[in-house]
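> Let me begin by handing over the structure; questions about it come next.
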Amino acid sequence: MNLTLKIWRQKDSNAKGQMVDYKVTDISEHMSFLEMMDVLNEQLVNSGEEPVAFDHDCREGICGMCSMYINGEAHGPDRGITTCQLHMRMFKDGDTITIEPFRAAAFPVIKDLVVDRMAFERIQQAGGYISVNTSGNTQDANNLPISKHAADEAMDAATCIGCGACVATCKNSSAMLFVGAKVSQYALLPQGQVEAADRVQNMVAQMDLEGFGNCTNTGACEVECPKGISLDNIARMNRELMKAAIK
Amino acid sequence: MATLDSKVPKGPIQDKWTDYKNHINLVNPANKRHIDIIVVGTGLAGGSAAATLAELGYNVKAFAYQDSPRRAHSIAAQGGINAAKNYQGDGDSTYRLFYDTVKGGDYRSREANVYRLAEVSSNIIDQCVAQGVPFARDYGGLLDNRSFGGVLVSRTFYAKGQTGQQLLLGAYSAMNRQIARGKIEMFNRHEMLDVVKVDGKARGIIARNLITGEIERHSAHAVVIATGGYGNVYFLSTNAMGSNVTASWKIHKKGAFFANPCYTQIHPTCIPRSGDYQSKLTLMSESLRNDGRIWVPKNLEDVKAIREGRKKPTDLSEDERDYYLERRYPAFGNLVPRDVASRAAKERCDAGYGVNATGEAVYLDFAAAIERYGKEQAKIHNIDNASEAKIYELGQAIVEAKYGNLFQMYEKIVDQNPYETPMMIYPAVHYTMGGVWVDYNLMTTVPGLYCIGEANFSDHGANRLGASALMQGLADGYFVLPYTIGDYLSDDIRTGKISTDTKEFEEAEKEVKDKIEFFVTNKGTKSVDYFHKKLGKVMWDKCGMSRNEKGLKEAMVEIKAIREEFWKEVSVPGNSNEMNPELEKAGRVADFLELGELFAKDALTREESCGGHFREESAELDGPQKGEAKRNDKDFAFVSAWEYKGEPADAVLHKEELEFKDIELKQRSYK
Chain A
0 MNLTLKIWRQ KDSNAKGQMV DYKVTDISEH MSFLEMMDVL NEQLVNSGEE PVAFDHDCRE
60 GICGMCSMYI NGEAHGPDRG ITTCQLHMRM FKDGDTITIE PFRAAAFPVI KDLVVDRMAF
120 ERIQQAGGYI SVNTSGNTQD ANNLPISKHA ADEAMDAATC IGCGACVATC KNSSAMLFVG
180 AKVSQYALLP QGQVEAADRV QNMVAQMDLE GFGNCTNTGA CEVECPKGIS LDNIARMNRE
240 LMKAAIK
Chain B
0 MATLDSKVPK GPIQDKWTDY KNHINLVNPA NKRHIDIIVV GTGLAGGSAA ATLAELGYNV
60 KAFAYQDSPR RAHSIAAQGG INAAKNYQGD GDSTYRLFYD TVKGGDYRSR EANVYRLAEV
120 SSNIIDQCVA QGVPFARDYG GLLDNRSFGG VLVSRTFYAK GQTGQQLLLG AYSAMNRQIA
180 RGKIEMFNRH EMLDVVKVDG KARGIIARNL ITGEIERHSA HAVVIATGGY GNVYFLSTNA
240 MGSNVTASWK IHKKGAFFAN PCYTQIHPTC IPRSGDYQSK LTLMSESLRN DGRIWVPKNL
300 EDVKAIREGR KKPTDLSEDE RDYYLERRYP AFGNLVPRDV ASRAAKERCD AGYGVNATGE
360 AVYLDFAAAI ERYGKEQAKI HNIDNASEAK IYELGQAIVE AKYGNLFQMY EKIVDQNPYE
420 TPMMIYPAVH YTMGGVWVDY NLMTTVPGLY CIGEANFSDH GANRLGASAL MQGLADGYFV
480 LPYTIGDYLS DDIRTGKIST DTKEFEEAEK EVKDKIEFFV TNKGTKSVDY FHKKLGKVMW
540 DKCGMSRNEK GLKEAMVEIK AIREEFWKEV SVPGNSNEMN PELEKAGRVA DFLELGELFA
600 KDALTREESC GGHFREESAE LDGPQKGEAK RNDKDFAFVS AWEYKGEPAD AVLHKEELEF
660 KDIELKQRSY K
């Protein structure tokens with residue numbers, strides 16, 4: 000198929016960006032979206048132009064690196080996937096596709112479609128861990144039975160890949176799904192409960208400091224989340240925060 | 000010239016590690032504060048090492064090319080992690096895990112290292128659970144296990160199909176705690192471009208800030224390389240797009256020997272390629288072989304009909320199918336080790352039985368498992384005379400719970416529903432057992448320079464068993480390196496800060512800058528990918544699943560020619576002082592172009608078949624093992640450690656003879 004691409008180009012974080020039109024031809028429907036971008040970039044390199052910078056790495060939907068906003072949707076027009084798992088069979092010959100970076104005040108653009116997600120790192124550093132040193136002397140893993148339901152629910156929360164689609168898609172640029180997922184994973188497990196109050200307070204404080212917005216229960220984050228992280232995690236985070244406040 | 004001393008401690012194998020730990024030099028906590036360690040790469044090995052070293056009190060500087068340690072490719076490991084816990088009571092033990100790993104590696108690994116790996120495997124599970132890794136559990140709340148290829152016990156711990164992700168996030172959380180304390184200084188979006196040696200010891204690195212393009216000098220008392228494997232030398236592999244050999248190759252050029260480069264794992268269950276535009280291959284976890292049955296049609300007419308779309312795989316009756324793994328290897332069936340399963344798929348496809356348009360695909364079928372689980376569920380729920388549809392529905396729910404995310408991934412890529420029609424799979428490059436040579440302490444042939452995880456060669460011999468990569472990465476990072484590095488650093492307590500203002504740093508920096516300048520100013524006509532694809536084709540055709548003398552000799556000549564063309568014709572747009580992905584790729588491909596030739600040379604030198612290295616000249620000619628790989632222990636029971644001498648073809652071979660005192664050398668039989 001032949002396509003027109005409208006792509007956000009921005010030289011660096013200080014430069015002013017703009018949308019630029021490109022044409023690609025003979026795109027196979029079996030290609031992944033990023034393979035289509037490879038075709039464009041090969042075309043640009045061969046004509047001496049600078050290729051479009053975009054983040055990507057594992058190309059199998061798990062590293063969380065890729066981050067495009069395609070036709071007004073984080074990770075494009077399919078559900079339960081990242082941009083790298085999007086396939087061209089979702090588009091038709093003659094389509095015009097708009098490709099932008101994830102946009103949020105807390106995610107400044109570095110170049111073209113590449114954004115800076117260090118705010119997520121700082122939130123994790125504020126409390127996204129259990130304080131246990133490596134010693135080889137921790138208790139035997141089976142000394143701490145955990146109900147299958149709690150373990151499964153913790154696992155569901157822990158599948159977050161930290162891509163930032165929730166933020167990009169939220170009209171308030173809220174990071175509550177991301178933070179709620181991490182808070183939930185630990186709150187659901189006995190190992191995580193010891194420092195649960197400090198954790199939720201510190202992580203939420205850092206989240207506010209980074210300039211992410213609040214949750215107004217639109218639910219768009221859950222829809223666009225490639226891993227289907229549930230809104231319940233936000234509710235649980237709020238509950239944990241409340242619990243911590245009255246302690 | 001460095002000599003090869005494996006430094007394996009004396010004494011019985013089960014006591015070596017304990018005795019060693021009891022007698023090494025320690026660094027007191029007050030002194031650790033004055034010692035800096037650089038860790039390059041923050042996947043399972045590097046991340047766990049960085050966190051543990053920081054917990055111990057060292058000052059750690061960690062480097063990752065991605066924007067966060069959480070994105071390292073360890074995250075893509077699906078199936079699980081082995082540990083000799085014997086929670087299933089099926090006869091597992093440290094010895095048995097050790098034995099399976101040495102046998103699975105086709106007797107080409109170092110016994111003492113493997114025993115230690117098996118020994119600390121249990122600690123890893125305990126540690127990860129304490130960190131909050133949500134492993135799968137049974138209804139009693141205890142940890143669940145699954146089976147993996149090449150073994151007869153159930154010792155694999157897992158977190159759905161995302162075990163690597165959860166273990167990496169565990170190590171990442173431990174890192175975050177230390178970053179918050181200031182004990183780890185994290186350099187995201189940085190790439191190491193050279194190691195700096197002062198008085199023969201590794202004392203720092205030159206790194207490029209991938210956002211600004213700035214070249215930086217970083218010093219430390221020791222340097223740890225944990226940058227993973229080099230599977231991307233094939234262009235198409237299951238590795239991440241950015242995975243590269245650069246850090247390993249740069250230290251090789253500075254004196255670290257490179258061991259067994261030809262030992263590559265070609266994983267049997269990957270999604271077949273669909274066209275020339277393909278940028279990477281996707282793995283389907285080996286855990287699928289617990290429940291999936293692998294087959295091709297028995298008759299070539301059916302193959303033709305399927306390729307032409309006249310028949311569907313589900314139209315074929317049981318008699319018309321060839322479950323070739325079950326046929327050839329009745330004892331292990333679909334759970335033979337990876338190298339054996341891959342070669343068997345290639346054998347069938349070469350004989351014309353491949354089931355897709357390219358002729359390079361076999362079926363992985365879950366119908367039998369769905370039926371078996373469905374019947375079991377019907378019984379559990381007391382449903383008498385359940386209809387076929389009901390059984391299918393109940394069975395599908397179980398398969399979905401076990402492998403749902405993998406099935407979804409498959410459907411998104413191939414656009415077929417694997418619950419309804421068998422998956423198509425084909426082998427793809429997945430893991431490299433070869434890597435930087437290290438001694439028992441995980442130190443390379445350069446003092447103060449360590450190498451851990453997939454980047455080193457140490458534990459998997461010529462073939463890695465499933466669920467052992469995660470185990471090795473975390474064993475090295477959490478439980479081995481933190482001890483062994485202390486022994487070395489105990490001599491450095493009075494050294495003080497290492498200055499970066501010296502001629503050694505200056506020279507290394509200049510070399511790096513010159514190369515970058517060359518790339519951005521060269522007036523070439525071809526993209527970096529053009530050369531990478533060309534290299535990948537030679538590697539796959541001539542250094543792939545089976546190799547022969549003629550092909551390997553041709554590969555050496557062809558790779559050299561591609562390399563020469565690369566240095567004339569490569570075109571890199573953009574500048575050096577900005578984010579420039581093409582420039583990053585150019586540097587990586589330049590190193591692959593050297594490694595590829597050494598790879599072929601190594602494969603040529605090893606005139607035997609072992610593990611993932613199959614030399615056509617060395618196969619069993621008759622008897623019950625006819626057609627199987629033939630090892631030659633008399634002449635080749637050694638590690639090939641290559642010393643850099645300029646051109647890859649001029650590399651000098653050093654042999655570390657392998658001694659097997661605790662395991663008898665046998666032909667690997669899975670029949």
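Chains as they are written, first to last, in numbering that gives the first Met the number 0: chain A, 0 to 246; chain B, 0 to 670.
For glycine and all other residues, C-beta sits at the position ideal for the given N, C-alpha and C.
Strictly below 7 Å CB to CB, what residues from chain B border N295(A)?
This structure gives no information on residue 295(A), because the portion of chain A shown stretches from 0 to 246.
> Starting from G203(B), follow the beta strand (DSSP E) in both directions and report where the run begins and ends.
K200 to N208 is the span of the beta strand (DSSP E), which, as asked, contains G203(B).
> For the putative contact between A157(A) and L473(B), defined by C-beta atoms under 8 Å, what is the C-beta separation to the nearest angstrom?
At roughly 17 Å, the Cβ-Cβ gap does not stay under 8 Å, so A157(A) and L473(B) are not in contact.
> Return no unless some Cβ of chain B is closer than 8 Å to the Cβ of M154(A).
yes
> In the structure shown, what three-state DSSP assignment does M0(B) receive?
In this predicted model, M0(B) has a pLDDT of only 46, less than 50, meaning its place in the structure is not dependable enough to derive any value.
> State the Cα-Cα distance for the pair A1(B) and A104(A), rounded to the nearest angstrom.
Confidence at A1(B) is low in this model, with a pLDDT of 49, below 50, so the placement of that residue is unreliable and no value is reported for it.
> Examine chain A for any beta-carbon lying closer than 8 Å to the beta-carbon of S668(B), and answer yes or no.
Not closer than 8 Å to any Cβ of chain A, the Cβ of S668(B) fails to qualify, so no.
> Output the boundary residues of the beta strand (DSSP E) element that contains T97(A).
T95 to P100
> Nearest to G40(B) by CA position, among K6(B), V222(B), K31(B) and A350(B), is which residue?
V222(B)
> Can you give me, in chain order, the residues of the stretch 31 to 56 of chain B that have a beta carbon less than 9 Å from any beta carbon in chain A?
S47, A50, T51, E54 and L55
> What does DSSP give as the partner residue(s) for M175(A) in the beta ladder?
Looking at the DSSP output, M175(A) sits in no beta bridge, so it has no partner there.
> When we look at the beta-carbon of Q415(B) and count the other beta-carbons within 10 Å, is it buried (16 or more) or exposed?
exposed
> Is D475(B) close to the ligand PLP? I mean its beta-carbon at under 7 Å from any heavy atom of the ligand.
Ligands in the displayed structure: none, and consequently the ligand PLP is not present.
> Specify the secondary structure class of F637(B) as computed by DSSP and reduced to three states.
strand
> Under DSSP, the alpha helix (DSSP H) around H531(B) begins and ends at which residues?
Where H531(B) is concerned, the enclosing alpha helix (DSSP H) stretches over V527 to K541.
> How would you write the range of the beta strand (DSSP E) that A153(A) sits in, first residue to last?
Unbroken run through A153(A) is the alpha helix (DSSP H), K147 to A157; no beta strand (DSSP E).
> Over the uninterrupted beta strand (DSSP E) stretch that includes M202(A), give me the two end residues.
Premise fails: M202(A) lies in the alpha helix (DSSP H), A195 to L208, not in any beta strand (DSSP E).
> I believe Y68(A) touches I129(A) by the beta-carbon criterion, under 8 Å. Please report the beta-carbon distance rounded to the nearest angstrom.
No, Y68(A) and I129(A) are not in contact; Cβ-Cβ is about 34 Å, not under 8 Å.
> Which residues does DSSP list as the beta-bridge partners of H189(B)?
In the DSSP assignment, the residues bridged to H189(B) are N208(B).
> CA-CA distance, A48(B) and Y86(B)?
27 Å
> Under 7 Å Cβ to Cβ from N144(B), same chain only, skipping five residues before and after it: list those, please.
Y86, Q87, S153, R154, T155 and F156
> Would you tell me roughly how many angstroms separate the C-alpha atoms of G191(A) and R69(B), rounded to the nearest one?
20 Å
> List the residues of chain E that M64(A) touches, going by C-beta distances under 8 Å, in chain order.
Protein chains A and B are contained in the structure displayed, whereas chain E is not.
> Can you find a CB in chain B that lies within less than 8 Å of the CB of V38(A)?
yes
> Could you name the residues of chain A that Y138(B) contacts, counting a contact when the two beta carbons are closer than 7 Å?
K147
> Using only alpha-carbon positions, find the residue among R320(B), Y372(B) and P336(B) that is nearest to R347(B).
R320(B)
> Using 8 Å as the threshold, is the C-beta distance between R188(B) and N208(B) below it?
yes
> Would P11(B) be called buried (16 or more neighbouring beta carbons within 10 Å of its own) or exposed?
exposed
> Skipping 5 residues on each side, what residues in its chain have a beta carbon closer than 8 Å to that of V398(B)?
D290, F365, A368, I369, Y372, F406 and Y418
> To the nearest angstrom, how far is it from the Cα of K15(A) to the Cα of V108(A)?
10 Å
> So I231(A) contacts chain B; which residues on that side make the cut at Cβ distance below 8 Å?
This sequence places Asp at residue 231(A); Ile is not what is there. Going along chain B, no residue has its Cβ under 8 Å from D231(A), so there is no contact; the nearest lies around 16 Å.
> Which two residues bound the contiguous alpha helix (DSSP H) that contains A167(A)?
A164 to T168
> Bridge partners of H653(B), per DSSP?
A640(B)
> Decide if the stretch 250 to 266 of chain B is in contact with the stretch 553 to 562 of chain B; the criterion is three or more beta carbon pairs, one per stretch, under 8 Å apart.
no
> So G460(B) packs on R107(B), CB below 8 Å; how close in whole Å?
4 Å
> If you measure from the beta carbon of M30(A) to each beta carbon in chain B, is any gap under 8 Å?
yes
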